[in-house]
Every structure is written in structure tokens, then in C-alpha cells.
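Numbered as in my numbering, the sequence shown ends at 205 without a single skipped number.
Ideal placement from N, C-alpha and C gives every residue a C-beta, glycine not left out.
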Amino acid sequence: MNGKAITAIVVLVVLLIGIAMWGLPKYKVYRLRLGGIAALAEAESSRKVGIEEAKAKKESAKLLAEAEVERAKGAAEANRIIGESLKGNEAYLRYLWIQGIGERQGENTVVYVPTEANLPVLEAGRLKQ
77 MNGKAITAIV VLVVLLIGIA MWGLPKYKVY RLRLGGIAAL AEAESSRKVG IEEAKAKKES
137 AKLLAEAEVE RAKGAAEANR IIGESLKGNE AYLRYLWIQG IGERQGENTV VYVPTEANLP
197 VLEAGRLKQ
């Protein structure tokens, strides 16, 4: 090899080392900056997802509460209807009471009947009217 070729190779190697020494720190900073931007975008995305999940939970809780209110209204209406149908129907209530006593006979249960002046309370209430 001649001297010019060796000189050209040495200059080329020195030039490549110089470019690497100048470019690698810049590339490292560029890479870190892109990593930071990606981390920021991921954090913002996670935050938005968390907010949307919280909104969905809040809406779900509101809808569940509304459903509970509607169920309670239905139960209250059913109780009102049953109560209205049993008003003034003491014979049916007495029948249910006697049926309940009859169902418990084989269970060795003791039934206490509240009395007032030696009359069952149901009868005493009827006599006052």
C-alpha cells in the first residue's frame, strides 16, 4: 500500500471516531427525550382510562340505585294492594291464623295468644267496634 492510501484510511477512521464521539451523545439525548415523550403519553392515556372507568362506575352506581328505587316502589305498591285487600276482612285473617296454628301442630310448638279481659285480642278489637 502506498502512503496516500494509509493516510486516507487513517483520516477516515479518525473522521468516523469524531463523528461517533459527536453523534452518540446527541443520539442518547434524542433517545431519552423520545422515551420521556412516550412515558408522558402513556401516563396521560392511563389517566384518561382511569377517569373513564370512574365515570362508568359512577353511572353504574346511579343506575343500580334507580333500579333499587323502582324495586322498592313495586314492593311498596304490592304491600299497599295486599293491605287494602285485607282491610275489613277479619274472617280471612282469622282463617290464615288458624291455618298457621294447624301447620305447626306436629312441631311441638307453643302458641301464645294475646288476650285482653280473657278474650283473644282479635275478638276484643271486633267487640269494641
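Inset, instruction - Whole angstroms is fine: what's the gap from Gly-111's alpha carbon to Glu-128's? - result: 26 Å
Legend entry - alpha helix (DSSP H) segment containing Val-89, residue limits: 79-162
Inset, instruction - Return the first residue and the last residue of the alpha helix (DSSP H) that Tyr-171 is part of. - result: 166-179
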